Amino acid sequence: MSTTSEPGSAQGPALRLDGVAKSFGPVVALKFASLDMLPGSIHALIGENGAGKSTLVKIIAGLYQRDSGVFEYQGDVVDFSNTAQSKDAGIAVIYQEPTLFPDLSVTENIFMGRQPTGSLGRIDRKAMRATVKDLFTQLGVNIDPDRPTRGLSIADQQIIEIAKAISLDARVLIMDEPTAALSGVEVDRLFKVARGLRDEGRALLFISHRFDEVFALCDTVTVMRDGEYVATSAIAETTVEEMVHQMVGREVATLFPKEPAEIGDEVLKVENLTEPGVFHDVSFSVRSGEIVALAGLVGAGRSEIAQAIFGVDDYESGTVTINGKSVRKHDPAKAMDLGIALVPEDRRKQGVVLDTSVSRNITLAIRKTLTKAGLLWPTAENRAASHWAGRLEVKTNALDTTVGTLSGGNQQKVVLAKWLATNPSLLIVDEPTRGIDIGTKSEVHRDLSRLAGQGLAIIMISSELPEVLGMADRVLVVHEGRITAEIDRADATPESVMFAATHSKAVA
Amino acid sequence: MSISSTSILAESNILAKLGRIGKARELGIFLAFVLVVAVTTIQNPNFLFSSDGFRDLLVTPSILMIVAVGQAIVIITRNVDLSVGSVVGLSAYLTGRVFIDYPQLPWPTVFVIGLVFGALLGLINGALVAFAKVPSLVITLGTLYAFRGINVLWTGSDRINASDMPSSFLALGTSSWWKIPVITIIALIVLAIAGFYMYTQRGGRELYAIGSDPDAANLYGLKVKKRILAAFIMSGALAGLAGVLYAARYGTVNSQVGSGLELEAVGAAVIGGVAIFGGSGSVFGAAIGAFLLLTINRALPVLGVQDFWQRAVVGALIIGAIVLDKLAANRQERKLVELRDTEAEQKEAQNV
Chain W
272 MSTTSEPGSA QGPALRLDGV AKSFGPVVAL KFASLDMLPG SIHALIGENG AGKSTLVKII
332 AGLYQRDSGV FEYQGDVVDF SNTAQSKDAG IAVIYQEPTL FPDLSVTENI FMGRQPTGSL
392 GRIDRKAMRA TVKDLFTQLG VNIDPDRPTR GLSIADQQII EIAKAISLDA RVLIMDEPTA
452 ALSGVEVDRL FKVARGLRDE GRALLFISHR FDEVFALCDT VTVMRDGEYV ATSAIAETTV
512 EEMVHQMVGR EVATLFPKEP AEIGDEVLKV ENLTEPGVFH DVSFSVRSGE IVALAGLVGA
572 GRSEIAQAIF GVDDYESGTV TINGKSVRKH DPAKAMDLGI ALVPEDRRKQ GVVLDTSVSR
632 NITLAIRKTL TKAGLLWPTA ENRAASHWAG RLEVKTNALD TTVGTLSGGN QQKVVLAKWL
692 ATNPSLLIVD EPTRGIDIGT KSEVHRDLSR LAGQGLAIIM ISSELPEVLG MADRVLVVHE
752 GRITAEIDRA DATPESVMFA ATHSKAVA
Chain H
560 MSISSTSILA ESNILAKLGR IGKARELGIF LAFVLVVAVT TIQNPNFLFS SDGFRDLLVT
620 PSILMIVAVG QAIVIITRNV DLSVGSVVGL SAYLTGRVFI DYPQLPWPTV FVIGLVFGAL
680 LGLINGALVA FAKVPSLVIT LGTLYAFRGI NVLWTGSDRI NASDMPSSFL ALGTSSWWKI
740 PVITIIALIV LAIAGFYMYT QRGGRELYAI GSDPDAANLY GLKVKKRILA AFIMSGALAG
800 LAGVLYAARY GTVNSQVGSG LELEAVGAAV IGGVAIFGGS GSVFGAAIGA FLLLTINRAL
860 PVLGVQDFWQ RAVVGALIIG AIVLDKLAAN RQERKLVELR DTEAEQKEAQ NV
């Protein structure tokens, strides 16, 4: 197989989006996305979490269909209704975590669905193998074509995805945070391959949170914010500061000011918490009345740290102390007894039992204390539940309403109520307002603020900068499993937090 | 093992060994089969060396083998077909009815009728699984009872006897060709065709892919629904064929033909190395598994094992097979990761 590229086609953009919008029900994922990808060029796409990058990729891949706007590929308007169509047209998408068939060989993975066949429709395994050998030589990698893909590193799996894209002769390659799980050497190898593909006249889109990589690899950069196109610049003509400013450049609405609270004694102390490959040497403390935000990018390890403190996940070394008592690792029941509560990120899966009533959900964590002679009476349940539902102003007709019918914000309040009923001294909330409408959002913020005022120590994990800046007394920025910055409320600006979140101090 | 001490240069060597673990599974089951036959024959030489003994050895597992091949195809897609026993029953009774109601039909037509009828029942299963998106375990458990219910309703206390069927048809069940029973030859032909399809055809490979990772199969743009539908149709058709052969072999058909066969078929596939979560194994393994399963059933009484223990032995065999698979898979995964790490170290070393 030879890869022929026509230099003549290098004039117009390989792929063009203009004013593309996409909503899911009331949630607007993309408002106005624009992108011009040129052949023979590597284009970076950057933006905060929730800026709409992934939605944009899924529209290009044909997983989602745009609501409005222009989508042109090789000069023609296209409407891909599934991934097979975009693939046939020559668009290859490499996701952060490649999806391969673990039981099948590397060769079969590359050719699945379009194997060369000979007489009687027999798959020509020899030809497949030879092509794969050629591809790997061309890419300069050494992977056995006959081994199953199970057990391959993510880096090697990505190379297989790239080999697949080349064998398809894809004209447009999209890489969604391909370097997130790679080591330094592996990143270098990937970049070498990417440059080679660029020089063959293909158009590449590179999504990354790492500015150093964007500068090292790309020719052009497009910044997105809140589902909208912000700016496109040539890499040579922009700076990190400018990009950061474009990424966060909204005025931070002081929607959720935390009311001042008396900061008391130290409640939680975490020392040198380490789990290899997840988080490293994490140390911090939280005092009563204080809200400490764990900021950072999705995948930086914030939720993992919280789950380790609560005992859901195990960790290798380090200590967690609450109110002077050490918390045994990997024992959430003990952590609860000691006064830790965790409101998880995925409300519907980990927070509430959707099919049961509000009162049963609220009393779930204190069932044992409510029983009489080993039996749980609805009156006892309702009494306990109504107290908390009232305090947090859960909007529901009756306590026996199933939680699944409540709005997201009210479900979140139910989860909060459930944990507050355990009378904790430390509350960990993971993305407390994700997917909640703006009105209920500020109610949740008011609740958190009041709780801090009553002396609760709160750790808040949030990907929303305004929320972090508005609520937190202190911001701890997590970058690739390490706390890379501690910023006081007074010094916290969107730029300072975003800069710390995207820069590792010591680049390995 | 010397693997940990071999250097990176021996990489292809290690992988060749790993490849052989897969094939070794079929070989291991086959050796177990040979062992069972050998031990039993030493106890009672008639088990193998009498002409009846040899014939029984081949003919007894043949019908199960056909059903197990179909079952393996379905399991490879990460599904299961529990209705096959009931399909065999319906197809066997239909065969008898056709002979009674349309005596003028040439007897080979019943094979076509059985295959098509089984395929239709498979289509029902497949359509419910692929389009209604209900797990196949539930769907086929439902059709297991539904098909059997229809069979009981249709048959009542009636029964098809050998005298209702043409002798040329019944001869299929008893005759041999070069000492090999005709039913076994039919089963081997089925196995060869299924093996050819699963190994060399795009469709067959896609069944493996779907079972290995259904989400990836969707992202690849494979026609997942169509393939799953096809797998159930194949399983149904083979069960239909097995029903016809049942009528030919036993000559008597009541409403309970094939009861419990579905579990034997799943057992045969699992013993033969077909992973219950799909994506790996082969129809050949399932076929050898069927031979091993039914031969052990016949060998245990000869060896003087009490009836009560016989089922326990079969159960132990199935559990043992799964545990063995799990251990082998863990070992393979560990080795693949080890291999990757040494490779990475090697690269780092080169880069320094």
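So the protein sequences, as listed, match chains W and H. Basically my numbering = 1-based index in the first sequence + 271. Basically my numbering = 1-based index in the second sequence + 559. Where is the CB? At the ideal position from N, CA and C, for every residue including glycine. Here the structure is a predicted model, which means the values were calculated and not measured.
* On the three-state DSSP scale, how would you describe Arg707 (chain H)? -> Residue mapping note: residue 707 (chain H) aligns to position 148 of the second sequence, counting from 1. Arg707 (chain H): helix per DSSP, three-state reduction.
* **Asp701 (chain W), enclosing alpha helix (DSSP H) - first and last residue** => In the first sequence, counting from the first residue as 1, residue 701 (chain W) sits at position 430. No alpha helix (DSSP H) holds Asp701 (chain W); the beta strand (DSSP E) holding it covers Leu697 to Asp701.
* Given Ala575 (chain H), which residues of its chain have a CB within under 7 Å of its CB, disregarding the five upstream and five downstream residues? -> Numbered from 1 along the second sequence, position 16 holds the residue referred to as residue 575 (chain H). Reliability of the predicted coordinates at Ala575 (chain H) is poor, the pLDDT of 49 falling under 50, and the value obtained from them is presented with this limitation in mind. Cβ neighbours of Ala575 (chain H) beyond the five flanking positions: none.
* Asked: In terms of residue numbering, what span does the beta strand (DSSP E) encompassing Leu747 (chain W) cover?
  -> As a working mapping, residue 747 (chain W) is identified with position 476 in the first sequence. That run of the beta strand (DSSP E) goes Arg745 to His750.
* Asked: From Ser722 (chain H) to Phe658 (chain H), what distance separates their C-alpha atoms?
  -> The count along the second sequence starts at 1 and reaches residue 722 (chain H) at position 163. The count along the second sequence starts at 1 and reaches residue 658 (chain H) at position 99. So the two alpha carbons sit approximately 10 Å from each other.
* To do: Label Thr525 (chain W) either buried or exposed according to how many other C-beta atoms from any shown protein chain fall within 10 Å of its C-beta, with 16 as the threshold for buried.
  => Position 254 of the first sequence, counting from 1, holds the residue named residue 525 (chain W). Caution is warranted here: a pLDDT of 47 is assigned to Thr525 (chain W), below 50, making its placement in the model unreliable, and no coordinate value can be reported.
* Contact check, Leu641 (chain H) vs Phe706 (chain H) under 8 Å by CB: the rounded distance? -> Here residue 641 (chain H) refers to the residue found at position 82 of the second sequence. Here residue 706 (chain H) refers to the residue found at position 147 of the second sequence. Between Phe706 (chain H) and Leu641 (chain H) the Cβ distance is about 10 Å, and since that is not below 8 Å, they are no contact.
* **Status (buried if at least 16 other CB within 10 Å, exposed otherwise) for Ser312 (chain W)** => On the first sequence, residue 312 (chain W) is found 41 positions in, with the first residue counted as 1. Burial call: buried.
* How would you list, in chain order, the residues of chain H whose beta-carbon sits under 7 Å from the beta-carbon of Pro373 (chain W)? -> Here the question's residue 373 (chain W) lines up with position 102 in the first sequence. Near Pro373 (chain W) (Cβ distances below 7 Å), the residues of chain H are Ser771 and Asp772.
* **Beta-carbon proximity check, Leu301 (chain W) vs Thr493 (chain W), cutoff 8 Å** => Counted from its first residue, the first sequence places residue 301 (chain W) at position 30. Counted from its first residue, the first sequence places residue 493 (chain W) at position 222. No; because the gap between Cβ atoms is not below 8 Å, this pair is not in contact.
* Asked: Residues in its own chain within less than 7 Å of Met308 (chain W) by CB, not counting five upstream and five downstream?
  -> Position 37 of the first sequence, counted from the first residue, corresponds to residue 308 (chain W). So the qualifying residues of the chain are Pro284, Ala285, Leu286, His314, Val443, Ala474 and Leu476.
* To do: Might you give, ordered along the chain, the residues of its own chain that have their beta carbon closer than 7 Å to the beta carbon of Gly535 (chain W), omitting 5 neighbours on each side?
  => Residue numbering aside, residue 535 (chain W) sits at position 264 when the first sequence is read from its first letter. Cβ within range, chain order: Arg558, Ser559, Gly560 and Gly726.
* Taking C-alpha atoms, which residue in H:Gly612, H:Leu586, H:Gly587 and H:Glu585 lies nearest to Val861 (chain H)? -> Looking up residue 861 (chain H) in the second sequence gives position 302. Of H:Gly612, H:Leu586, H:Gly587 and H:Glu585, the residue nearest in Cα terms is H:Gly612.
* From the DSSP output, in three-state form, read off Lys894 (chain H) for me. => The count along the second sequence starts at 1 and reaches residue 894 (chain H) at position 335. In the structure shown, Lys894 (chain H) sits in a helix (DSSP, three-state: H, G or I).
* Short check: CB of Gly802 (chain H) to CB of Ala651 (chain H), under 8 Å? -> To locate residue 802 (chain H), count along the second sequence from 1; it is residue 243. To locate residue 651 (chain H), count along the second sequence from 1; it is residue 92. Yes, the pair counts as a contact, with Cβ atoms nearer than the cut-off.
* Output, in chain order, the set of chain H residues within a Cβ distance shorter than 7 Å of Thr370 (chain W). => Start at 1 with the first residue of the first sequence, and residue 370 (chain W) comes out as number 99. In chain order: Asp772, Asp774, Ala775 and Leu778.
* Asked: From what residue to what residue does the alpha helix (DSSP H) around His516 (chain W) run?
  -> Sequence index remark: in the first sequence, residue 516 (chain W) carries index 245 (1-based). Val511 to Val519 is the extent of the alpha helix (DSSP H) around His516 (chain W).
* To do: Using 10 angstroms around the beta-carbon of Leu271 (chain W), count the other beta-carbons present and answer buried if the total reaches 16, otherwise exposed.
  => This structure gives no information on residue 271 (chain W), because the portion of chain W shown stretches from 272 to 779.
* Going by other Cβ atoms of all chains shown within 10 Å of its Cβ, with 16 needed for buried, is Trp713 (chain H) buried or exposed? -> Taking the second sequence and counting its residues from 1, the one referred to as residue 713 (chain H) is at position 154. By the neighbour-count rule (16 or more Cβ atoms within 10 Å), Trp713 (chain H) is not buried but exposed.
* Residues that Gly296 (chain W) contacts on chain H, provided the C-beta gap is smaller than 8 Å -> Counting from one through the first sequence, the residue named residue 296 (chain W) turns up at place 25. Going along chain H, no residue has its Cβ under 8 Å from Gly296 (chain W), so there is no contact; the nearest lies around 22 Å.
* What in chain W is Cβ-close to Ala858 (chain H), meaning under 7 Å? -> Taking the first residue of the second sequence as position 1, residue 858 (chain H) is located at position 299. Here the premise fails: no neighbours, minimum Cβ distance about 33 Å.
* Considering only residues of the same chain and omitting the five flanking positions on each side of Phe628 (chain W), which have a CB-CB separation below 8 Å? -> Position 357 of the first sequence, counted from the first residue, corresponds to residue 628 (chain W). One detail in the question is off: residue 628 (chain W) reads as Ser in this sequence, not Phe. Closer than 8 Å at the Cβ level, and outside the excluded window around Ser628 (chain W), lie Leu670, Asp671, Thr672, Thr673 and Val674.
* **Sequence-distant residues of its chain with Cβ nearer than 8 Å to Gln683 (chain W) (five each side left out)** => Start at 1 with the first residue of the first sequence, and residue 683 (chain W) comes out as number 412. Val614, Arg618, Gly622, Pro703, Thr704, Ile707, Thr711 and Val715, listed in sequence order.
* Consider the Cβ of Arg718 (chain H): report whether some Cβ of chain W lies at a distance smaller than 8 Å. => Residue mapping note: residue 718 (chain H) aligns to position 159 of the second sequence, counting from 1. Closer than 8 Å: no.
* In angstroms with no decimal places, state the Cα-to-Cα distance between Ile362 (chain W) and Leu679 (chain H). => Taking the first sequence and counting its residues from 1, the one referred to as residue 362 (chain W) is at position 91. Taking the second sequence and counting its residues from 1, the one referred to as residue 679 (chain H) is at position 120. C-alpha separation (whole angstroms): 39 Å.
* Does DSSP put Ser454 (chain W) in a helix, a strand or coil? -> Within the first sequence, numbered from 1, the residue matching residue 454 (chain W) stands at position 183. Of the three classes helix, strand and coil, the one that applies to Ser454 (chain W) here is coil, per DSSP.
* Asked: Using a C-beta cutoff of 8 Å, does Gly838 (chain H) count as contacting chain W?
  -> Translated into the one-based positions of the second sequence, residue 838 (chain H) becomes position 279. Yes, its Cβ sits closer than 8 Å to a Cβ of chain W.
* Asked: So, does the CB of Thr547 (chain H) fall closer than 8 Å to a CB anywhere in chain W?
  -> Residue 547 (chain H) cannot be examined here, being either before or after the span of chain H that is shown, 560 to 911.
* Asked: Residues bridged to Glu567 (chain W) by DSSP?
  -> As a first step, residue 567 (chain W) is located in the first sequence; it is residue number 296 there, counting from the start. The sequence as given places Gly at residue 567 (chain W); Glu does not occur at that position. Looking at the DSSP assignment, Gly567 (chain W) forms a beta bridge with W:Val749.
* is_contact[Tyr805 (chain H), chain W] using C-beta, thresh 8 Å -> Counted from its first residue, the second sequence places residue 805 (chain H) at position 246. Closer than 8 Å: no.
* Helix, strand or coil for Thr525 (chain W) per DSSP? -> Locating residue 525 (chain W) in the first sequence gives position 254, counting from the first residue. Residue placement at Thr525 (chain W) is flagged as unreliable, the pLDDT there being 47, under the threshold of 50; the coordinate-derived value follows with that caveat. In this structure, Thr525 (chain W) counts as coil in the three-state DSSP scheme.
* **Whole-angstrom C-beta distance between Gly826 (chain H) and Ala834 (chain H), which should lie under 8 Å** => Here residue 834 (chain H) corresponds to residue number 275 of the second sequence, with the count starting at 1. Here residue 826 (chain H) corresponds to residue number 267 of the second sequence, with the count starting at 1. No, Ala834 (chain H) and Gly826 (chain H) are not in contact; Cβ-Cβ is about 14 Å, not under 8 Å.
* To do: Kindly indicate which three-state DSSP category Ile683 (chain H) falls into: helix, strand or coil?
  => One-based indexing of the second sequence puts residue 683 (chain H) at position 124. Reduced to three states, the DSSP call for Ile683 (chain H) is helix.
* Using a C-beta to C-beta distance shorter than 8 Å, which residues of chain H count as neighbours of Ile394 (chain W)? -> Position 123 of the first sequence, counted from the start, is the residue given in the question as residue 394 (chain W). Result: Thr759, Gln760, Arg761 and Arg764.
* Asked: Is the Cβ of Leu788 (chain H) closer than 8 Å to any Cβ of chain W?
  -> Along the second sequence, one-based indexing puts residue 788 (chain H) at 229. Taking Cβ atoms only, chain W never reaches closer than 8 Å to Leu788 (chain H), which makes this a no.
* To do: Express the C-alpha separation of Gln345 (chain W) and Ser276 (chain W) in angstroms, rounding to a whole number.
  => For this step, residue 276 (chain W) is matched to residue 5 along the first sequence. For this step, residue 345 (chain W) is matched to residue 74 along the first sequence. Residue confidence for Ser276 (chain W) is low, a pLDDT of 40 falling below 50, so the modelled location carries little weight; the figure read from the coordinates is stated next. Rounded to whole angstroms, Ser276 (chain W) to Gln345 (chain W) spans 13 Å at the Cα level.
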